[in-house]
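K.L.:
Pasting in a structure now, in structure tokens, and then I'll have a few things to ask.
2 protein chains.
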Amino acid sequence: MTRIPQRTVERFFRYCQFLHSRLEAGGEFVFSHELAAAVGVSPEQVRRDLMNFRLKGTPQRGYPIKEFMTELYSHLESESLTKMVLVGVGNLGKAILSYFLKRRPNLSIVAAFDQDPEKVNRVYSGCQVHHIGQLEKFVAREKAAVGIITVPASAAQEAADMLVRAGVRGIVNFAPAQLKLPPGVFLEQLDITLSIEKAAYFARKTKIKE
Amino acid sequence: MTRIPQRTVERFFRYCQFLHSRLEAGGEFVFSHELAAAVGVSPEQVRRDLMNFRLKGTPQRGYPIKEFMTELYSHLESESLTKMVLVGVGNLGKAILSYFLKRRPNLSIVAAFDQDPEKVNRVYSGCQVHHIGQLEKFVAREKAAVGIITVPASAAQEAADMLVRAGVRGIVNFAPAQLKLPPGVFLEQLDITLSIEKAAYFARKTKIKE
DNA sequence: TTATTAACGTTAATTAATTAACGTTGACTA
DNA sequence: TAGTCAACGTTAATTAATTAACGTTAATAA
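These protein sequence lines map, in sequence, to chains A and B. All residue numbers for the first sequence refer to our numbering, where the first residue is 66 and numbers rise by one. All residue numbers for the second sequence refer to our numbering, where the first residue is 66 and numbers rise by one.
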């Protein structure tokens, strides 16, 4: 299969989000301009994106949502459950746990870890918290594929090392620290503060023009 | 001045982050390969980026950090304080408030808003929570430039409308909802769940290659 | 039946971003 | 004082991503 561009994949998750609600509302078809409006891009872009997935629509009805979703998931999601773990049960960690509560069928956070004895053995949003010392054993046994790091910057590398040793294939890092990972482990860096700073910058710049 | 590419601006905040700690540690100069390692890009990219800001370095010492920072802030940050407000004091909101505690001199979250009477008038990380009903008046009076939305998706558009009416120029939206904003208001969409889903996808894809 | 039309699907053109190439600089050394 | 070298700075080449253009399709209605 032909390679799908990064950006396209990102948009696909957003299309998907919208289609889910649409499907629930009983819709069977969707037009490119509807998808476009829903995620804030141009209809041309939508059609361009859909081409990559070989999805066909008709001028009269648009694209069949069911097929869309099936095709989409066949590309974007494994058939089996992808297990994730979360390291660091602070405010951000708790927020993420609550977001992921029964959201996607084949993707879930199966455990959380923290060093604070106060938090260990508690359950947040249906997710059990274990002591950080158990992490490696647990991840290796459960074959968790992704680790989410929400610890302070100073502890991020250590957390990453543990996750890598235990065999995760991807890491989502919320700590403002540049992680050193072996090749083959996917890294998604998500610095919230940085994003807000960026927005503040562009908000100032965006004056007259558009 | 020549226009600076989006991506470059994003990287600049990361360079800046690193340089800050470097400066504190007493460093005066920095090489492109050091910056590159610190933020995870190639040295060529760093030099390319620095070109946009007309920053000069010498082969022997690299770039002078002080000048770098000065130049950088003159572009990226206003001289006066940029005020931001946060709407929705849930776990994510609290996390953001704590991150922004005395982090940048000219950028701060001056107030938070929530509808829950339980939270109103409390103080989180040095930030006072007001009732959502006060938002418009407050934002207009204080001339806050950026609004950060951390409410549930169903309430996001309403929050955005209030912020826009009160005159913000930029919005950072964490809710998984496509906001409709008038042109001229900068929007930064930050869907955490989506990012994690994306990472899970790429983690599965990244097998042998790379 | 055929004209109309709205939206698709593809190719092409443009623009943005990254990577590579390579000449330049200036401290250091023989 | 000339050679070396590491890192800069610029231009050029490549690649990725977006936007535009336009022919195609099939339902509808004259």
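No residue lacks a Cβ here, since even glycine has one placed at the ideal position from N, Cα and C. Computed from a prediction, not measured in an experiment: that's the story for all the values here.
Between which two residues does the beta strand (DSSP E) holding Ser163/B run?
P.N.:
Position 98 of the second sequence, counted from the start, is the residue given in the question as residue 163/B. Run containing Ser163/B: none in the beta strand (DSSP E); it sits in the alpha helix (DSSP H), 156-164.
K.L.:
So if I threshold CB-CB distances at 9 angstroms, which residues from the region 134-164 of chain B count as touching chain A?
P.N.:
Answer set for the region 134-164 of chain B: His140, Leu141, Glu142, Ser143, Thr147, Met149, Gly155, Asn156, Leu157, Gly158, Lys159, Ala160, Ile161, Leu162, Ser163, Tyr164.
K.L.:
Hey, does Lys270/A have any beta-carbon neighbour from chain B nearer than 9 angstroms?
P.N.:
Here residue 270/A refers to the residue found at position 205 of the first sequence. For Lys270/A, the answer is yes, since a Cβ of chain B falls inside 9 angstroms of its Cβ.
K.L.:
Would you mind sorting Ala97/B into buried or exposed? The rule is 16 or more other CB atoms within 10 Å of its CB.
P.N.:
For this step, residue 97/B is matched to residue 32 along the second sequence. According to the sequence provided, residue 97/B is Ser. The question's Ala does not apply to it. The residue in question, Ser97/B, is buried, as its Cβ has 16 or more Cβ neighbours within 10 Å.
K.L.:
Name the chain A residues whose beta carbon is nearer than 7 angstroms to that of Ile261/B?
P.N.:
As a first step, residue 261/B is located in the second sequence; it is residue number 196 there, counting from the start. By Cβ distance, chain A contributes Ile213, Val237.
K.L.:
Can you confirm whether Val175/A, when its beta carbon is compared against all beta carbons of chain B, has any partner nearer than 9 angstroms?
P.N.:
One-based indexing of the first sequence puts residue 175/A at position 110. Not closer than 9 angstroms to any Cβ of chain B, the Cβ of Val175/A fails to qualify, so no.
K.L.:
Pull up the CB-CB distance for Gln114/A and Phe77/A, whole angstroms please, since I reckon it's below 8 angstroms.
P.N.:
Position 49 of the first sequence, counted from the first residue, corresponds to residue 114/A. Position 12 of the first sequence, counted from the first residue, corresponds to residue 77/A. First, the residue type needs correcting, since residue 114/A is Asp and not Gln in the sequence shown. Yes, they are in contact, since the Cβ atoms of Asp114/A and Phe77/A sit about 7 angstroms apart, within 8 angstroms.
K.L.:
Alpha carbon to alpha carbon, how far is Val150/B from Gln222/B?
P.N.:
Numbered from 1 along the second sequence, position 85 holds the residue referred to as residue 150/B. Numbered from 1 along the second sequence, position 157 holds the residue referred to as residue 222/B. If you take the alpha carbons of Val150/B and Gln222/B, they lie about 16 angstroms apart.
K.L.:
Check Ala176/B in the structure and name its three-state DSSP category.
P.N.:
Counted from its first residue, the second sequence places residue 176/B at position 111. Ala176/B falls in the strand class under three-state DSSP.
K.L.:
What residue from Val111/A, Ala224/A, Leu252/A has the CA that sits closest to Ala177/A's CA?
P.N.:
Residue mapping note: residue 177/A aligns to position 112 of the first sequence, counting from 1. The candidate whose alpha carbon is nearest that of Ala177/A is Ala224/A.
K.L.:
Taking contact to mean 3 or more Cβ pairs, one atom from each stretch, closer than 8 angstroms, check whether the region 202-220 of chain B and the region 182-189 of chain B are in contact.
P.N.:
These segments do not touch.
K.L.:
Closer than 7 angstroms, Cβ to Cβ, to anything on chain B: give me those residues from the region 67-87 of chain A, in chain order.
P.N.:
Correct list: Val74, Glu75, Phe78, Arg79, Gln82.
K.L.:
Say whether the region 246-257 of chain B touches the region 254-270 of chain A, bearing in mind that this needs 3 or more beta-carbon pairs closer than 8 angstroms, one atom from each stretch.
P.N.:
With the cut-off at 8 angstroms, the region 246-257 of chain B and the region 254-270 of chain A touch.
K.L.:
For the 8 angstroms Cβ check, are there 3 or more pairs between the region 186-203 of chain A and the region 116-136 of chain A?
P.N.:
No contact exists between the region 186-203 of chain A and the region 116-136 of chain A.
K.L.:
So, are the CB atoms of Ala160/B and Ala242/A less than 9 angstroms apart?
P.N.:
For the purposes of this step, residue 160/B is identified with residue 95 of the second sequence, where counting begins at 1. For the purposes of this step, residue 242/A is identified with residue 177 of the first sequence, where counting begins at 1. Contact: no.
K.L.:
Over the uninterrupted beta strand (DSSP E) stretch that includes Ile236/A, give me the two end residues.
P.N.:
Counted from its first residue, the first sequence places residue 236/A at position 171. Per DSSP, Ile236/A belongs to the beta strand (DSSP E) from 235-238.
K.L.:
Using the three-state DSSP reduction, which class does Lys202/A fall into: helix, strand or coil?
P.N.:
Counted from its first residue, the first sequence places residue 202/A at position 137. Of the three classes helix, strand and coil, the one that applies to Lys202/A here is helix, per DSSP.
K.L.:
Rounding to the nearest angstrom, what Cα-Cα distance links Pro70/B and Arg119/B in this structure?
P.N.:
Translated into positions along the second sequence, residue 70/B becomes position 5. Translated into positions along the second sequence, residue 119/B becomes position 54. About 14 angstroms.
K.L.:
Have a look at Lys245/B, Val154/B, Glu93/B and flag the residue whose alpha-carbon is nearest the alpha-carbon of Gly105/A.
P.N.:
For the purposes of this step, residue 105/A is taken as the residue at position 40 of the first sequence. Nearest option by C-alpha distance: Lys245/B.
K.L.:
Does Val104/B have its Cβ less than 9 angstroms from a Cβ in chain A?
P.N.:
Residue 104/B sits at position 39 when you count from the first residue of the second sequence. Yes, its Cβ sits closer than 9 angstroms to a Cβ of chain A.
K.L.:
Could you confirm whether any beta carbon from chain B is found closer than 9 angstroms to the beta carbon of Glu275/A?
P.N.:
As a working mapping, residue 275/A is identified with position 210 in the first sequence. In this predicted model, Glu275/A has a pLDDT of only 31, less than 50, meaning its place in the structure is not dependable enough to derive any value.
K.L.:
Answer yes or no: do Ser163/B and Leu255/A have a C-beta to C-beta separation smaller than 9 angstroms?
P.N.:
As a first step, residue 163/B is located in the second sequence; it is residue number 98 there, counting from the start. As a first step, residue 255/A is located in the first sequence; it is residue number 190 there, counting from the start. Their beta carbons are not under 9 angstroms apart, which means Ser163/B does not touch Leu255/A by this criterion.
K.L.:
Quick one: give me the first and last residue of the alpha helix (DSSP H) that Thr147/A is part of.
P.N.:
Within the first sequence, numbered from 1, the residue matching residue 147/A stands at position 82. It is not in any alpha helix (DSSP H) - Thr147/A instead sits in the beta strand (DSSP E) that spans 147-152.
K.L.:
What residues in its chain sit with their C-beta under 8 angstroms from that of Lys208/A, if we drop five residues either side in the sequence?
P.N.:
In the first sequence, the residue the question calls residue 208/A occupies position 143. These residues qualify, in order along the chain: Lys148, Gly232.
K.L.:
If we ignore side chains and look at the alpha-carbon of each, how far apart do Tyr80/B and Ile257/A end up?
P.N.:
For this step, residue 80/B is matched to residue 15 along the second sequence. For this step, residue 257/A is matched to residue 192 along the first sequence. Their Cα atoms are separated by approximately 16 angstroms.
K.L.:
Quick check: the Cα distance between Ile273/A and Cys192/B, rounded to an integer number of angstroms?
P.N.:
As a first step, residue 273/A must be located in the first sequence, where it is residue number 208. As a first step, residue 192/B must be located in the second sequence, where it is residue number 127. Low confidence applies here, because Ile273/A scores a pLDDT of 36, under 50, leaving its location unreliable; read the following figure in that light. Approximately 32 angstroms between the Cα atoms of the pair.
K.L.:
Residues of chain A with a CB under 8 angstroms from the CB of Leu100/B: which are they?
P.N.:
Position 35 of the second sequence holds residue 100/B. Neighbours of Leu100/B on chain A: none; closest Cβ ~11 angstroms, over 8 angstroms.
K.L.:
Around the C-beta of Gly92/A, are 16 or more other C-beta atoms found within 10 angstroms, so that it is buried, or is it exposed?
P.N.:
Within the first sequence, residue 92/A is the residue found at index 27, counting from 1. Burial call: exposed.
K.L.:
Just to make sure I have the definition right: I need the residues of chain A whose C-beta is within less than 9 angstroms of the C-beta of Leu172/B. Which are they?
P.N.:
The count along the second sequence starts at 1 and reaches residue 172/B at position 107. Simply Ile261, Glu262, Ala265.
K.L.:
Does the beta-carbon distance from Ala220/B to Ala240/B come in below 9 angstroms?
P.N.:
By 1-based counting over the second sequence, the position of residue 220/B is 155. By 1-based counting over the second sequence, the position of residue 240/B is 175. Yes, these two residues count as a Cβ contact at 9 angstroms.
K.L.:
Would you please state the rounded distance, in angstroms, between the beta carbons of Val211/B and Val194/B? I believe it to be under 8 angstroms.
P.N.:
The sequence position of residue 211/B within the second sequence is 146, counting from 1. The sequence position of residue 194/B within the second sequence is 129, counting from 1. Not a contact, Cβ separation roughly 18 angstroms.
K.L.:
Within the same chain, show all residues whose beta-carbon is closer than 7 angstroms to that of Thr73/A, passing over the 5 residues directly before and after it, in chain order.
P.N.:
What you label residue 73/A is simply residue 8 of the first sequence in a count that begins at 1. Within the same chain, Thr73/A has close Cβ partners Asp114, Asn117.
K.L.:
Where does Glu89/A land, buried or exposed, given buried means 16+ other C-beta within 10 angstroms?
P.N.:
Numbered from its first residue, the first sequence carries residue 89/A at position 24. Glu89/A comes out exposed.
K.L.:
Using 8 angstroms for Cβ pairs, my map puts Gln44/A next to Ala102/A. What's the rounded Cβ distance?
P.N.:
Any answer about residue 44/A is impossible in this case: the structure gives chain A only from 66 up to 275.
K.L.:
Counting only beta-carbon separations shorter than 9 angstroms, does Pro108/A have a partner in chain B?
P.N.:
Counted from its first residue, the first sequence places residue 108/A at position 43. No - not a single Cβ of chain B is within 9 angstroms of the one on Pro108/A.
K.L.:
Give the single residue among Ser145/B, Ala264/B, Ile197/B, Lys202/B whose Cα lies nearest to the Cα of Arg169/B.
P.N.:
Taking the first residue of the second sequence as 1, we reach residue 169/B at position 104. Nearest option by C-alpha distance: Ser145/B.
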